[in-house]
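In the numbering used here, the protein residues as written are 3 to 323. Glycine residues also receive a C-beta, built at the ideal position from the N, C-alpha and C atoms. This structure is a prediction, so every number in the text was calculated from the model and none was measured.
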Amino acid sequence: MNIQLAQGAPGARILAFGHYQPENIVTNDDLAARGVDTNDEWIRSRVGIAERRIALDNESMVDLAVSAGDKALAASGLTAGDIDLVIVATCTAESQVPNASATVAFRLGIKAPGAYDVNAACAGFAYALSAASDAIRAGSAKNVLVIGSEKFSPWIDWTDRTTCIIFADGAGAAVVTGSDVPAIGPVVWGSDGENADKIMVQDRNSFLHQDGQAVFRWATTALHPVALEACRRAGIDPSELAAFVPHQANLRIIRGIAKKLNAPNAVIAEDIVNAGNTSAASIPLALSRMIERGDVPSGGMALIIGFGAGLTYAAQVIQIP
3 MNIQLAQGAP GARILAFGHY QPENIVTNDD LAARGVDTND EWIRSRVGIA
53 ERRIALDNES MVDLAVSAGD KALAASGLTA GDIDLVIVAT CTAESQVPNA
103 SATVAFRLGI KAPGAYDVNA ACAGFAYALS AASDAIRAGS AKNVLVIGSE
153 KFSPWIDWTD RTTCIIFADG AGAAVVTGSD VPAIGPVVWG SDGENADKIM
203 VQDRNSFLHQ DGQAVFRWAT TALHPVALEA CRRAGIDPSE LAAFVPHQAN
253 LRIIRGIAKK LNAPNAVIAE DIVNAGNTSA ASIPLALSRM IERGDVPSGG
303 MALIIGFGAG LTYAAQVIQI P
């Protein structure tokens, strides 16, 4: 079983994943004890989350990215000197200048790589992975470190139960290299800018706002055709999938898309239960943890799909390293 690309086109593959989560665990009961108008049953029934990780004040989004990137690099068998492009997907950068990727690369000992950030919110990792694959296929890079990293906690109003119960901090990373046999399928991506205001931070003095009902309706109706098209373009039938790893936005959304996808042999990522919604980090974080636990087979095919603010979305089939 191989992913299909245009005849003669070079391919790319993922060598390894890595992830990092802050040690600080915040349970639903902890939120209720802080005065949030909620309880464990209410949160579990609506979004499926039992607990989430929140970074300490002195732990930055870049710190999370460095930890995840270091783990992925170590697992890949490559050295820092082998990496010539670093892409960080994030929507929670502490500042716009400098970009996170150059700092992350420097701290990992990667010398003079191409380095840029991607902000496609919760679809960011899928966007960045596609950019990495395309750079390798075009000959612009040989080995790419792709990281999704978010520290949402400073951007959240911790009295607003529509957001504080959902979002969390964490990072996930992947090392991508060239391959004679394509192992990263064509991306299916798009956006719905007309509804961009459904998830937004108004300005630098504001907290994250989300119209949960509108986002839920969009995600449960518009995204399964995107997932199916990603399978079709890769030449993979959903029945051949070993894993389905959607953005960890809401457990009901995850299960709803999975049901419509009809992939009976796929392990469904439900990392949100213990990790919360970590936006651009959620897909690599979930898949890295699944690989670490032995939940998914090396060499199997996984469908990933990211979606969120913008409203942006992106999906592709990848081979599990």
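Taking a cut-off of 8 Å on C-beta distances, the stretch 180-195 does not touch the stretch 18-27, as fewer than three cross pairs fall below it. Q318 is bridged by DSSP to I306.
Rounded to the nearest angstrom, the Cβ distance from I293 to G308 is 18 Å, too far for a contact under 8 Å. Look at the stretch 226-313 and you find these whole runs of beta strand (DSSP E), each 3 residues long or longer: 243-248 and 303-310. For V203, DSSP records a beta bridge to L210. Boundaries of the alpha helix (DSSP H) around A102: A102 to R109. According to the DSSP assignment, A117 belongs to the beta strand (DSSP E) that extends over G116 to V120. Note: W191 is bridge-paired with A316 in the DSSP secondary-structure output. Comparing C-alpha distances from V189 to each of V228, A216 and G180 shows the shortest one belongs to V228. For N30, there is no enclosing beta strand (DSSP E); the enclosing alpha helix (DSSP H) has its first and last residue at N30 to A35. In the three-state reduction of the DSSP assignment, I112 falls in the coil class, being assigned neither a helical nor a strand state. Looking at the DSSP output, R54 bridges to V28.
Between the stretch 86-95 and the stretch 141-152 there are three or more inter-stretch CB-CB distances shorter than 8 Å, so the stretches are counted as touching. Pairing A107 with A117 gives a Cβ-Cβ distance under 8 Å. Cβ atoms of V38 and T161 come within 8 Å of each other, at about 7 Å.
Within the same chain, and ignoring the five residues on either side of A170 in sequence, the residues whose Cβ sits closer than 7 Å to its Cβ are R54, R55, I56, F154, A277, G278, N279 and T280. DSSP places E152 inside the beta strand (DSSP E), whose first and last residues are N145 to K153. Taking the CA atoms as reference points, G141 sits about 21 Å from G79. With contacts defined as CB atoms closer than 8 Å, Q250 and A288 qualify as a contacting pair.
The way I'd put it, the stretch 38-52 doesn't touch the stretch 120-136; fewer than three beta-carbon pairs between them come closer than 8 Å. Here the C-alpha atom of D297 lies approximately 10 Å from the C-alpha atom of I270. The C-beta of V64 has 16 or more other C-beta atoms within 10 Å across all chains shown, which makes the residue buried. D136 carries a helical assignment under DSSP once its states are collapsed to helix, strand and coil. Distance check between A304 and each of A245, L313, A143 and I238 places A245 closest, using alpha-carbon atoms only. Per DSSP, the continuous alpha helix (DSSP H) segment holding L75 begins and ends at M63 to S78. Just so you know, the alpha carbons of G302 and P100 end up roughly 38 Å apart.
Residue pairing by DSSP places D171 opposite K153 in a beta bridge.
Note on Q23: 16 or more other CB atoms within 10 angstroms of its CB, so buried under the neighbour-count rule. Assigned with DSSP and collapsed to three states, I85 falls in coil, not helix or strand. CA-to-CA, the gap between G111 and S193 works out to about 36 Å. Pairing A123 with T314 gives a Cβ-Cβ distance under 8 Å.
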